[in-house]
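Q:
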Amino acid sequence: MTALGTSQQGAPSAIPVPQEEPRRRRSRRGVGLNRRPGFVVYLILGLSVLIFAYPLWWSFVVASGTNATRGQTLPFIPGPNFMKNVNAVLEAVPFWKALGNSVIVSTVVTISVVTFSTLAGYAFAKLRFKGRDGLMIFVIATMAIPTQLGIIPLFMVMRTLGWVGDIKAVIVPMLVTAFGVFLMRQYLSGVIPDELIEAARVDGCNQIRTFWNVAVPAARPAMAILALFTFMLAWTDFLWPMVVLNAQNPTLQTALANLQSGYYIDYSIVLAGAVMATIPVLFLYIAAGKQLISGIMAGAVKG
Amino acid sequence: MSSMLGQGPPEAVVETEWAEAERRRSLTWRQRLSRFDLKASPYLYISPFFIVFGIVGLFPLVYTLYVALHDWDLLSGKEAFVGFENFAWALGDQFFWNSIVNTVSIFLLSTIPQLIGALVIAALLDQQIRAKTTWRMGVLLPYVVTPVAVALIFSSVFRNAGDASLANNIVEALGFEPIEWKRERLPSHIAIATMVNWRWTGYNALILLSAMQAVPRDLYEAAAIDGAGAIKRFFSVTLPSIRPTLIFVVVTATVYGLQIFAEPRLYDVSNAGGIGGADRQFQTTVLYLWELAFFRRNSGRASAVAWLLFLLIISIGLINFVISKRLVAGEGENQLSRRERRALARAEKDRKAVAR
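Residue numbers (the numbering used here), protein chains in the order written: chain A, 928 to 1230; chain B, 611 to 966.
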């Protein structure tokens, strides 16, 4: 907190308070108060980003390095062994199958969550029906429930169905989320004027066509945000896939975890696995990071 | 329908009567369809959510309570009704309390620094800095690394004193004795909390940043004119204004933090198969629940633990909600100004009404 103090103090002192009056026009746009943040702001931000980025780079350095790399205090230069460790990962776990499974699971879950959330969110936001408010409160309340704690009966159900070891068992429990319904309701109640729905109805649209022609186009930005978050959620899920899948048919997360099994752990192989799983996401992040950021920031305002 | 028309006698009067009746009937039929569409569609639209959630979300949770009241083996199934015996067993079990202590310790070590760090970073990003998007992307970078990969990376960063590791390299370079990061309780908690902090600080900073950007700049200017320095402005303008978002972040962090699993599970698998250390020094409650259910296959006891944890999460979530509400409400400056603003708006309206 002291760091914060110094950094913020440095900034506005550039403009003495008495000067505020003649600068009214500029300050209304929020520029006047702390227009030129000091060097300290950049220093702290730079250090934070360094702390956030270095463990990733370090993983790559160790995954590509020799035994000597580990002896260095802060190793920075990658070694020649990355491909060797990548091959070791490919031998140890069914990496490509795991990657494929993760893509299938995340895609199916995302499509399902976005579809059903938009439908339900639209009904809650714009249609009138008996019990609407009560059901919506129920949806909001379920958002706080840690459903993860129901894995024991869920496992029993999957065993009865014979789905243990099958990715169906991972997909089905994630097909809907209360958060998705809540997000779409919040968004749609704001963006669609009731008159538009009335107009569509007067023009002879039935309910589903009104939904398709009025709600879906309006809902697109929120659908994109929801899709992004749902994909992330399904992609990172670990506890349940680990319980219900086996080592031969894993998702990416459980396959990575299996790299660590056994008494002797070769950390350069483990880290090579972590790097392999992260590289594709990093490229996606560089391409679509802006959307992710605006999604998080927009989601916060709604949520 | 056409056959019905054809059946009628060929007299003109009757024919028009038939046509009339037919028109009326077809209208009401369409109306009825449309009314059905109007009434049933909402339920049709919300039913997929409720049906699927009921089956895979709610039912397992409620059924967990039923399982908890029985002697129940994971594979051979239900044995005998035992009432609250499993709950009594869990409450008297030292490993259960051990896991609760560990969970709460890791939770505190991760949530508090995380919130402070996120507030600092958000406040810095809220300045008029150059290359905004680049900084934001840099801060969010760890979020795209999955918890499993984070756990793998940091279980390699933090190792025992005998093994060369990044953390101990730094500790030794600073002139301290190397630390038993996996063997000892507190160091292992710090290491696991570091994983959580590393992944979530930037994410929460962005959420807080978006709330900070919604704070009207006039408030800061008014405070500055009143002589409030940067720190004073942060505590008496920024914090109260972003209160709802702060509560949101705290509650989310609580629900996540108390269910932490991947990080302790993968922190040290070479010892005792990854149940949280040889002495369970970093076994969290979800990890203990997993051990009970899928290692020892005692579904009854595991379910009792699940419900106790469920109650704990709900109550800590509520306590957090109340505390963070009160904590930031204390300043109350923004509330006052909001009330003032409302009063001003009312006065303005009255003035206009009088003028008219």
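Think of the CB as a built atom: it goes at the ideal place given N, C-alpha and C, for glycine as much as any other residue.
In this structure, how does DSSP classify A/Gly1058 when only helix, strand and coil are distinguished?
A: The residue labelled residue 1058 of chain A in the question sits at position 131 within the first sequence. A/Gly1058 falls in the coil class under three-state DSSP.
Q: Quick one: is A/Lys1217 buried, meaning 16 or more other Cβ sit within 10 Å of its Cβ, or exposed?
A: For the purposes of this step, residue 1217 of chain A is identified with residue 290 of the first sequence, where counting begins at 1. It counts as exposed.
Q: According to DSSP, is A/Asn1185 helix, strand or coil?
A: Counting from 1 along the first sequence, the entry for residue 1185 of chain A is found at position 258. Of the three classes helix, strand and coil, the one that applies to A/Asn1185 here is helix, per DSSP.
Q: Please report the straight-line C-alpha distance between A/Ser1221 and A/Pro1100, rounded to a whole angstrom.
A: The count along the first sequence starts at 1 and reaches residue 1221 of chain A at position 294. The count along the first sequence starts at 1 and reaches residue 1100 of chain A at position 173. Going from the Cα of A/Ser1221 to the Cα of A/Pro1100 covers about 28 Å.
Q: Under three-state DSSP, which class holds B/Ala690?
A: On the second sequence, residue 690 of chain B is found 80 positions in, with the first residue counted as 1. Looking at B/Ala690 - three-state DSSP - the assignment turns out to be strand.
Q: In whole angstroms, what separates the C-alpha of B/Ile789 from that of B/Glu782?
A: As a working mapping, residue 789 of chain B is identified with position 179 in the second sequence. As a working mapping, residue 782 of chain B is identified with position 172 in the second sequence. Using only the alpha carbons, I get a separation of about 9 Å.
Q: Within 8 Å of any Cβ in chain B, is that where the Cβ of A/Thr1074 sits?
A: Looking up residue 1074 of chain A in the first sequence gives position 147. Yes, its Cβ sits closer than 8 Å to a Cβ of chain B.
Q: How would you call B/Glu901, buried or exposed, if buried means at least 16 neighbouring beta carbons within 10 angstroms?
A: Taking the second sequence and counting its residues from 1, the one referred to as residue 901 of chain B is at position 291. B/Glu901 is buried by the Cβ-count criterion.
Q: Along chain B, in chain order, which residues have C-beta atoms closer than 7 Å to that of A/Gln1134?
A: Sequence index remark: in the first sequence, residue 1134 of chain A carries index 207 (1-based). Those within 7 Å of A/Gln1134 in chain B are Asp647, Leu648 and Ser651.
Q: Taking the C-alpha atoms as reference points, what is the distance between A/Pro949 and A/Pro1073?
A: Position 22 of the first sequence, counted from the start, is the residue given in the question as residue 949 of chain A. Position 146 of the first sequence, counted from the start, is the residue given in the question as residue 1073 of chain A. Because the pLDDT at A/Pro949 is just 42, under 50, the model does not fix this residue reliably, and the value given afterwards should be weighed accordingly. Looking at the two C-alpha atoms, the distance is approximately 55 Å.
Q: Indicate whether A/Val1171 and B/Phe904 have their beta-carbon atoms separated by less than 8 Å.
A: Position 244 of the first sequence, counting from 1, holds the residue named residue 1171 of chain A. Position 294 of the second sequence, counting from 1, holds the residue named residue 904 of chain B. No, the pair does not count as a contact, with Cβ atoms beyond the cut-off.
Q: In or out: B/Asn778 buried (at least 16 other Cβ within 10 Å) or exposed?
A: Numbered from its first residue, the second sequence carries residue 778 of chain B at position 168. Burial call: buried.
Q: Tell me, to the nearest whole angstrom, how far the beta carbon of A/Ile1152 is from that of A/Thr1137; I am working on the premise that it is less than 8 Å.
A: Looking up residue 1152 of chain A in the first sequence gives position 225. Looking up residue 1137 of chain A in the first sequence gives position 210. Actually they are not in contact, since the Cβ atoms of A/Ile1152 and A/Thr1137 sit about 23 Å apart, beyond 8 Å.
Q: Report the CB separation of A/Val1066 from A/Val1108 in whole angstroms; it is logged as a contact under 8 Å.
A: Walking along the first sequence from the start, residue 1066 of chain A turns up at place 139. Walking along the first sequence from the start, residue 1108 of chain A turns up at place 181. Confirmed, about 5 Å.
Q: Any contact between the stretch 851-863 of chain B and the stretch 810-828 of chain B? By contact I mean 3 or more CB pairs, one from each, below 8 Å.
A: Touching, per the Cβ criterion.
Q: Taking C-beta to C-beta, are B/Gly886 and B/Leu899 nearer than 8 Å?
A: Counting from one through the second sequence, the residue named residue 886 of chain B turns up at place 276. Counting from one through the second sequence, the residue named residue 899 of chain B turns up at place 289. No, the pair does not count as a contact, with Cβ atoms beyond the cut-off.
Q: Cutting at 7 Å between CB atoms, please list the residues of its own chain near B/Gly748, excluding the five before and the five after it.
A: For the purposes of this step, residue 748 of chain B is identified with residue 138 of the second sequence, where counting begins at 1. Cβ neighbours of B/Gly748 beyond the five flanking positions: none.
Q: Confirm, please, whether the CB-CB distance from A/Val1016 to A/Ala1199 is below 8 Å.
A: Residue mapping note: residue 1199 of chain A aligns to position 272 of the first sequence, counting from 1. Residue mapping note: residue 1016 of chain A aligns to position 89 of the first sequence, counting from 1. In contact: A/Ala1199 and A/Val1016 (Cβ atoms closer than 8 Å).
Q: Residues in the same chain with beta-carbon distance under 7 Å from B/Ala597, minus the five sequence neighbours each way, listed in chain order, please.
A: Given that chain B is displayed from residue 611 to residue 966, the structure contains no residue 597 of chain B and the question cannot be resolved.
Q: Pick helix, strand or coil for B/Trp917, following the three-state DSSP scheme.
A: Within the second sequence, residue 917 of chain B is the residue found at index 307, counting from 1. Helix at B/Trp917.
Q: On the premise that B/Ala815 lies in contact with B/Ala690, defined as a C-beta separation below 8 Å, what is that separation, rounded to the nearest angstrom?
A: For the purposes of this step, residue 690 of chain B is taken as residue 80 along the second sequence, with counting starting at 1. For the purposes of this step, residue 815 of chain B is taken as residue 205 along the second sequence, with counting starting at 1. The pair is not a contact, with the Cβ atoms about 52 Å apart (cut-off 8 Å).
Q: Could you check whether the Cβ of A/Lys1217 sits closer than 8 Å to any Cβ belonging to chain B?
A: Residue 1217 of chain A sits at position 290 when you count from the first residue of the first sequence. By this cut-off, A/Lys1217 is an interface position.
Q: Please decide whether A/Tyr1114 counts as near chain B, where near means a Cβ-Cβ distance under 8 Å.
A: If you number the first sequence from 1, residue 1114 of chain A lands on position 187. It does not; no Cβ of chain B falls within 8 Å.
Q: Would you decide whether B/Trp810 is buried or exposed? Buried here means 16 or more other CB atoms lie within 10 Å of its CB.
A: Along the second sequence, one-based indexing puts residue 810 of chain B at 200. By the neighbour-count rule (16 or more Cβ atoms within 10 Å), B/Trp810 is buried.
Q: Let me know if B/Phe844 comes out buried or exposed under the rule of 16 or more other beta-carbons within 10 Å of its beta-carbon.
A: Within the second sequence, numbered from 1, the residue matching residue 844 of chain B stands at position 234. Its Cβ being crowded by 16 or more others within 10 Å, B/Phe844 is buried.
Q: Using a Cβ-Cβ cut-off of 6 Å (strictly less than) and excluding sequence neighbours within five positions of A/Ser1195, which residues of its own chain qualify?
A: For the purposes of this step, residue 1195 of chain A is taken as the residue at position 268 of the first sequence. Taken in chain order, the residues that qualify are Val989, Ala990 and Asn1012.
Q: What residues in its chain sit with their C-beta under 6 Å from that of A/Lys1024, if we drop five residues either side in the sequence?
A: Within the first sequence, numbered from 1, the residue matching residue 1024 of chain A stands at position 97. Around A/Lys1024: no qualifying Cβ.
Q: Taking a contact to mean a Cβ-Cβ separation below 8 Å, would you say B/Pro757 touches A/Thr1104 in this structure?
A: Against the second sequence, residue 757 of chain B aligns to sequence position 147. Against the first sequence, residue 1104 of chain A aligns to sequence position 177. Their beta carbons are not under 8 Å apart, which means B/Pro757 does not touch A/Thr1104 by this criterion.
Q: Of the residues that make up the stretch 892-919 of chain B, which ones have a beta carbon closer than 8 Å to any beta carbon in chain A?
A: From the stretch 892-919 of chain B, only Val896, Leu899, Trp900, Ala903, Phe904, Ser909, Ala912, Ser913, Ala916, Trp917 and Leu919 have a Cβ closer than 8 Å to chain A.
Q: Can you tell me which of A/Leu1026, A/Thr1205 and A/Ser986 puts its alpha carbon nearest to the alpha carbon of A/Thr1178?
A: Locating residue 1178 of chain A in the first sequence gives position 251, counting from the first residue. Ranking the options by Cα distance to A/Thr1178, first place goes to A/Leu1026.
Q: Whose Cβ in chain A lies nearer than 7 Å to the Cβ of B/Gly927?
A: The residue given as residue 927 of chain B occupies position 317 in the second sequence. Correct list: Ala1071.
Q: Quick one: is A/Val1129 buried, meaning 16 or more other Cβ sit within 10 Å of its Cβ, or exposed?
A: Residue mapping note: residue 1129 of chain A aligns to position 202 of the first sequence, counting from 1. Its Cβ having fewer than 16 others within 10 Å, A/Val1129 is exposed.
Q: According to DSSP, B/Trp682 sits in a beta bridge with which residue or residues?
A: For this step, residue 682 of chain B is matched to residue 72 along the second sequence. According to DSSP, which records beta bridges pairwise, B/Trp682 is partnered with B/Lys688.
Q: Which word fits A/Arg956, buried or exposed, when buried means at least 16 other C-beta atoms lie within 10 angstroms of its C-beta?
A: Numbered from its first residue, the first sequence carries residue 956 of chain A at position 29. No answer about A/Arg956 holds up, because its pLDDT of 41 lies below 50 and its placement is not dependable.
Q: Spell out whether any CB of chain A is found under 8 Å from the CB atom of B/Ile780.
A: For the purposes of this step, residue 780 of chain B is identified with residue 170 of the second sequence, where counting begins at 1. Answer yes: the Cβ-Cβ gap between B/Ile780 and chain A drops below 8 Å somewhere.
Q: Are the beta-carbon atoms belonging to B/Arg795 and B/Gln891 less than 8 Å from one another?
A: Stepping through the second sequence from its first residue, residue 795 of chain B is reached at position 185. Stepping through the second sequence from its first residue, residue 891 of chain B is reached at position 281. Yes. Within cutoff.
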